[in-house]
Amino acid sequence: MGMLNLVLTNISRKPATRLYPFEIRAPYAEFKGKIVFNPENCILCGICQKKCPPDAIKVTKDEKKWELNVFRCIMCTECVTSCPKDCIIISNERAKTGAKEYIKILVPKVDTPKAAPPK
Ligand code: SF4
Ligand code: SF4
């Protein structure tokens, strides 16, 4: 009788877990989901590359290219805090399953320092 009561109680209850992947919980605001690079203001200074502990970022000034090895990134946020142009943020959006290892982005323009006026 005890077993029957237990079965009937459980049938009438809501599921204790989400029906993943049909129900996906929205990520927390602080969740470190993925790196987002905005090339608009990037000056290819290479500071993010130098500061990145696992060498996940590669900046090639000649080719105007910014690369991220997604599999190396440990989400430490060093690149976010060190970029002088605020080009990098960490989004709380989850990276897609089966994401590519490398993100390669061409930087449209690079600010060249203006030469000092002759004295
Ligand atoms: S993302 Fe920022 S730190 Fe990295 S090269 Fe561009 S401007 Fe420099
Ligand atoms: S979050 Fe850290 S590990 Fe990831 S790219 Fe930026 S500096 Fe490198």
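The working numbering puts the first residue of the sequence shown at 21, with every later residue one more than the last. All C-beta atoms, glycine included, are put in the ideal place defined by N, C-alpha and C.
{"Query": "Report back the beta-carbon spacing between residue 111 and residue 53 to the nearest angstrom; my notes put them in contact at under 8 angstroms.", "Result": "5 angstroms"}
{"Query": "Contact defined as beta carbons within less than 8 angstroms: I believe residue 62 pairs with residue 124. What is the distance between those atoms, to the nearest angstrom?", "Result": "Actually they do not touch by this definition, with Cβ atoms about 13 angstroms apart."}
{"Query": "With DSSP run on the structure shown, which of helix, strand or coil describes residue 44?", "Result": "coil"}
{"Query": "Three-state secondary structure (DSSP) at residue 108?", "Result": "strand"}
{"Query": "Based on the DSSP secondary-structure assignment, which residues constitute the bridge partners of residue 79?", "Result": "86"}
{"Query": "May I ask which residues mark the beginning and end of the alpha helix (DSSP H) holding residue 67?", "Result": "67-71"}
{"Query": "Could you tell me if the beta carbon of residue 23 falls within a distance shorter than 7 angstroms of some heavy atom in ligand 2?", "Result": "no"}
{"Query": "Output needed for residue 57: all residues of its chain with C-beta closer than 8 angstroms, excluding positions within five of it in sequence on either side, in chain order.", "Result": "86, 88, 107, 108, 123, 125"}
{"Query": "Give the secondary structure of residue 64 by DSSP, where H, G and I count as helix, E and B as strand, and everything else as coil.", "Result": "coil"}
{"Query": "Can you look up residue 126 in the DSSP assignment and give me helix, strand or coil?", "Result": "strand"}
{"Query": "For residue 123, is the beta carbon positioned less than 7 angstroms from some heavy atom of ligand 2?", "Result": "no"}
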